[in-house]
Amino acid sequence: MDRDSGPRVRVPEQRAPEKPGSADALRFTVLGPVRAWRGSDLLSSGSPQQRALLTALLLREGRTATAGELIDAFWGEDPPSQALATIRTYASRLRKILGQDTLVSESGGYAIRIDRGALDLTLAQDLAAEAEKARAAGDRCQARTLINKVLGLWDGEALASVPGPYADNQRTRLEEWRLQLTETRLDLDLEVGCHAEAVSELTALTAAHPLRERLRELLMVALYRSGRQAEALAVYADTRRLLAGELGVDPRPELAQLQQRILRADEELARPADEPAPAPAPLRPAQLPATVPDFTGRSAFVAELGSRLATAEGSVMAVSAVAGIGGVGKTTLAVHVAHQARRHFPDGQLYVDLQGAGARAAEPETVLGSFLRALGTADSAIPDTLDERAALYRSTLDGRRILILLDNAHDAAQIRPLLPGTPGCAALVTSRVRMVDLAGAHLVDLDVMSPEEALQLFTRIVGAERVGSEREAALDVVAACGFLPLAIRIAASRLAARRTWTVSVLAAKLADERRRLDELQAGDLAVKATFELGYGQLEPAQARAFRLLGLADGPDISLAAAAALLNLDPHAAEDLLEALVDTSLVESAAPGRYRYHDLVRLYARACAERDERAVERESALSRLLDFYLATAAGVYALERPGDRLADHREPTQYSGLTFADRHSAQDWLYTEANSLLACVRQSSGPGAVRRAVDLLWATKDLAESGANSKQYEAAAITMRDLARSSDDARAEGRALITLTNARLVAGRFDQAERDAQRAMRLARAVDDPLPSCWAPNDLGIIALYQNRHAEGEAYLEQAIANFRADGNRPGEASALCNLSRIHLAMGNTTSAVALAQQGIDIYDELGHALRGANGRYALGLALTQSGRFADATEQLHNALAVFRDSRQRLWEGMATFRLAEVDLAAGLPAQAATKAEQALAVLRGIGGEWRRGNVLTVLGKALKDIGQPGRAQVCWREALDIYETLGSAEVEAVRKLLAPTLPA
């Protein structure tokens with residue numbers, strides 16, 4: 000494109016009106032080029048003048064147009080002498096195309112008789128009317144859907160290329176209607192909470208229609224609700240300045256009132272005036288787990304808690320086990336009570352397992368994100384910080400009656416942000432500790448069962464017939480279980496599964512077990528003794544699997560990984576795992592995935608320490624590490640053909656999975672991310688550190704994905720420290736490179752430089768080719784970002800030489816593309832283009848899709864600075880498609896940002912502003928503040944060029960704050976942009 004064509008509404012693809020009847024029925028469009036179809040065949044509508052006649056008749060919707068009216072429509076006040084004959088000629092030609100029954104002559108004029116649904120305009124009018132009715136009825140989602148359908152019927156400019164004054168007037172009318180519909184759709188977007196998504200579209204629309212105050216008003220609201228108050232106020236200032244300069248008037252009163260509300264930080268303005276319409280996400284969550292069918296006893300607690308929930312006035316219900324004993328039935332009781340109280344909470348029930356008994360309890364901000372989604376909040380509307388999420392969560396619950404079940408809490412600090420803030424809601428909390436520091440909580444100490452309740456639970460599971468004949472033996476069993484519900488359930492389930500056993504046999508087996516379950520100071524040992532009941536009934540192979548699988552730190556484990564850890568083929572491993580699922584000692588998290596309850600995992604590890612030799616425990620974890628490393632290295636090789644990691648990584652004794660294509664490989668990598676990073680963190684044994692570091696290297700893509708960046712960095716820090724403490728220079732050097740990569744992604748360049756410098760020194764000392772190549776490559780990137788171009792050039796030339804010496808062609812391509820960017824920054828555009836193209840040629844020759852996209856990204860930058868904007872756009876769009884397909888959110892955001900730079904340089908500021916806004920949204924939470932400052936700087940330039948200088952100043956001030964905090968070289972450039980407003 001060679002000009003700024005303005006905004007494009009995000010609507011479904013344009014299509015012809017639906018066929019009203021038979022397969023050869025006529026259909027017409029006027030919301031774009033004027034066209035006619037018979038069935039699926041496009042008809043010729045003749046010359047522009049002939050289309051003008053067709054247009055005039057179609058827009059009368061069946062009413063007759065006289066010859067005089069048609070002459071005026073064609074020529075206005077200056078018709079030719081043969082005007083009437085010309086009209087008749089065009090009408091005759093159209094009749095031959097459309098048929099005698101369609102174009103009819105009557106009363107000295109003409110009319111087109113078609114069904115109402117055969118014209119896109121009448122179809123649009125009918126859909127718009129339905130949308131108005133839906134909105135009036137409060138169904139905003141349906142109204143949005145219908146209006147999107149209306150807008151989707153447009154195919155560019157209405158009545159395109161149709162001549163005549165009548166067509167000109169109708170074109171203007173239809174374009175105004177289209178804008179009104181767009182405003183209505185955007186208004187509905189704001190009403191249902193899609194304000195963040197609306198900002199980029201409104202920015203473009205206000206640039207295309209600068210005097211349209213309604214669009215400015217909507218943009219102010221969208222910015223304010225997105226937490227960008229200063230920009231919202233700047234929009235008003237820009238609008239007032241524009242109206243005064245262009246028209247000599249002030250903004251309309253509604254706009255001025257909106258400015259005052261924003262200045263007051265009006266809380267009502269922060270959300271829709273009315274309750275939002277139902278959103279695609281469920282607004283009435285029903286997340287409670289199923290209650291057990293054999294719930295037994297606890298009648299006093301059920302009545303007590305049920306009564307308080309029925310009259311909930313904002314109190315917090317807390318259910319705690321004495322001294323934190325696990326297995327006492329806290330969750331079972333809470334779920335049972337919650338189900339009985341559902342009728343008192345018609346707006347829904349939320350549930351979460353906070354994993355408080357484990358080593359890594361659930362983070363409150365993560366839980367709040369899940370709750371907000373369940374309550375219908377769009378992902379884009381969920382804030383980043385804990386305090387903001389908690390505030391939005393309380394606001395969302397306001398006015399609703401919702402029950403929140405917070406299961407397995409670690410402490411009061413974990414759950415405070417998760418508590419509702421208004422009457423009408425209630426929270427049930429289960430925990431292993433008494434929450435005496437939770438203000439306003441109703442504390443319940445849940446003890447073990449009474450003997451009568453314990454026997455009743457045992458009988459319900461085993462069967463009255465078997466227990467009735469051996470009542471004394473049954474009492475011995477429940478006593479041996481310490482009357483702990485979980486222990487009773489395990490013992491009874493095992494007995495029920497073994498029809499040849501008697502109750503006496505089970506009682507005899509339990510006679511020698513420890514019986515300290517009711518002693519608070521021995522609570523953990525008591526839990527272990529309880530689990531011993533189920534463990535002791537396992538077959539030897541099952542018991543071994545139970546012990547060894549508990550050693551893995553991940554949240555769950557796949558069948559393939561479990562098979563590797565157990566050194567079994569997948570079929571044998573699956574048989575054992577399913578047997579453990581049947582005993583309730585292991586849970587089936589999903590098909591082919593398994594997990595432990597946190598207390599059962601602790602017990603399994605205790606069994607492993609007691610019953611397995613240290614060498615077998617180490618071997619099991621070593622096989623798991625081998626499996627993850629071998630599989631991840633295969634994924635890495637698919638993404639990076641020709642890379643030398645395969646030749647330089649530590650060897651593995653256990654093979655991994657193979658994949659048919661890069662997409663299935665990526666699916667595996669991101670599914671296993673948490674488990675394999677957990678494996679890295681716990682790999683501290685002899686010979687494991689180097690393999691764990693290589694596993695981190697092979698999973699570099701996790702650092703750039705955004706979803707796992709923080710966990711990846713934490714694992715890299717752990718391995719760096721382990722390698723350093725064990726005086727393993729090679730492992731430390733490689734760990735430092737993975738840490739450098741993570742810190743580059745986060746935008747922490749000073750830390751990244753220190754890590755890369757030390758990695759390079761260590762690599763030279765031990766002659767390790769991997770960090771010897773990649774450390775100078777990373778240092779060159781850092782130097783580029785910090786405007787140390789000559790230094791960066793030297794680093795990258797060194798990297799290229801090292802890569803070539805090692806025969807690492809993909810690495811060479813990477814360094815060439817990075818050197819291209821250095822040359823570009825130094826003003827050498829010709830060599831920059833050539834270097835980037837050299838890198839791409841290598842990538843393409845080797846079949847690198849993802850890394851080839853990085854090369855095209857670099858080439859796109861060079862072409863932009865060369866003034867070849869169309870070529871730059873093509874390269875960056877190609878790169879963007881690959882980044883999205885590869886789930887590389889950092890590079891998706893950066894490619895979008897670079898496209899904004901291209902549009903700005905090409906004189907398309909409205910498109911540039913839209914893309915910059917999109918880049919900010921994609922880079923949210925990843926990439927670091929420096930990159931955010933770069934995007935804000937470009938956004939400000941685009942806003943200034945589309946007549947929004949106030950908003951531009953806000954963006955630049957935020958960028959300046961970022962650069963000053965970081966001490967970045969970009970400070971001076973932004974100061975110059977702000978020069979007219981900065982104090983002397």
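In numbering that gives the first Met the number 0, the protein residues as written are 0 to 983. C-beta: ideal position from N, C-alpha, C; glycine also. Please read all numbers here as calculations on a predicted model, not as lab measurements.
Check                                                                                                                      : Outcome
Any non-hydrogen atom of the ligand GTP within 7 Å of D352 CB                                                              : The ligand GTP is not part of the structure shown, which contains no ligands of any sort.
N985: first and last residue of the uninterrupted beta strand (DSSP E) it sits in                                          : No statement about residue 985 is possible, as the shown extent of the chain runs from 0 to 983 and does not include it.
Residue burial classification, L41 (beta-carbon count within 10 angstroms, cutoff 16)                                      : exposed
Buried versus exposed, by CB contacts within 10 Å (16 or more), A804                                                       : exposed
D767 - partner residues in DSSP beta bridges                                                                               : Answer by DSSP bridge pairing: none, since D767 is not bridged.
According to DSSP, residues forming a beta bridge with L102                                                                : I111
Rounded Cβ spacing between L150 and T101 (contact assumed at less than 8 Å)                                                : About 28 Å separates the two Cβ atoms, so there is no contact after all.
Proximity test, Cβ basis, 8 Å: D700 and chain B                                                                            : As a matter of chain content, chain B is missing from the structure shown, which is built from one protein chain.
Range of the contiguous beta strand (DSSP E) that encloses S587                                                            : E586 to A589
Option in D568, S449 and L391 with minimal Cα separation from A299                                                         : S449
Whole-Å CB distance - L558 paired with E573, under 8 Å assumed                                                             : 6 Å
Y635 - DSSP class collapsed to helix/strand/coil                                                                           : helix
DSSP-derived helix/strand/coil call for Q141                                                                               : helix
Where the beta strand (DSSP E) through L122 begins and ends                                                                : Taken as a continuous stretch (DSSP letters only), L122 belongs to no beta strand (DSSP E), being part of the alpha helix (DSSP H) at D119 to A135.
C-alpha distance - G591 paired with V881, whole-angstrom precision                                                         : 30 Å
Option in G926, R399, M893 and E451 with minimal Cα separation from G985                                                   : The structure shown has nothing for residue 985, since the chain only spans 0 to 983.
Contact belief for L367 with P419 at Cβ below 8 Å, rounded distance in angstroms                                           : The pair is not a contact, with the Cβ atoms about 12 Å apart (cut-off 8 Å).
Chain-order list of residues whose beta-carbon lies under 8 Å from that of G851 (same chain, five-residue window excluded) : I839, Y842, D843 and V881
Rounded Cβ spacing between L567 and E611 (contact assumed at less than 8 Å)                                                : That belief does not hold up - the Cβ atoms of L567 and E611 are roughly 16 Å apart, past 8 Å.
Reduced DSSP category for H847 - H, G, I as helix; E, B as strand; rest coil                                               : coil
7 Å CB neighbourhood of T698 in its chain, flanking five on each side removed                                              : A631, L668 and L675
Start-to-end residues for the alpha helix (DSSP H) that takes in Q169                                                      : P164 to E190
Assumed close pair L374, P382 - CB separation to whole angstroms, cut-off 8 Å                                              : That pair is no contact at about 14 Å.
Residues sharing a beta bridge with Y350, DSSP                                                                             : L404
Collapsed DSSP secondary structure at V973 in the structure displayed                                                      : helix
CA nearest to the CA of S865, picked from E703, Q258, A824 and F626                                                        : A824
Three or more C-beta pairs below 8 Å linking the region 944-951 and the region 917-926                                     : no
Selection from L761, A968 and C816 that minimises the alpha carbon distance to Y784                                        : A968
Cβ-Cβ distance between Q286 and Y235 below 8 Å                                                                             : no
For I489, the nearest candidate out of E190, Q536, E464 and A35 (CA to CA)                                                 : Q536
Residues near E790 in its chain [Cβ-Cβ closer than 7 Å; skip 5 each side]                                                  : A782
Member of D666, D660, L628 and Q256 whose CA lies at the smallest distance from the CA of R648                             : L628
Counted within 10 angstroms of its Cβ, other Cβ atoms place H194 as buried (16 or more) or exposed                         : buried
For F73, the three-state DSSP class (helix, strand or coil)                                                                : helix
Residues near G984 in its chain [Cβ-Cβ closer than 8 Å; skip 5 each side]                                                  : Any answer about residue 984 is impossible in this case: the structure gives the chain only from 0 up to 983.
Beta carbon of A269 nearer than 8 Å to that of R227                                                                        : no
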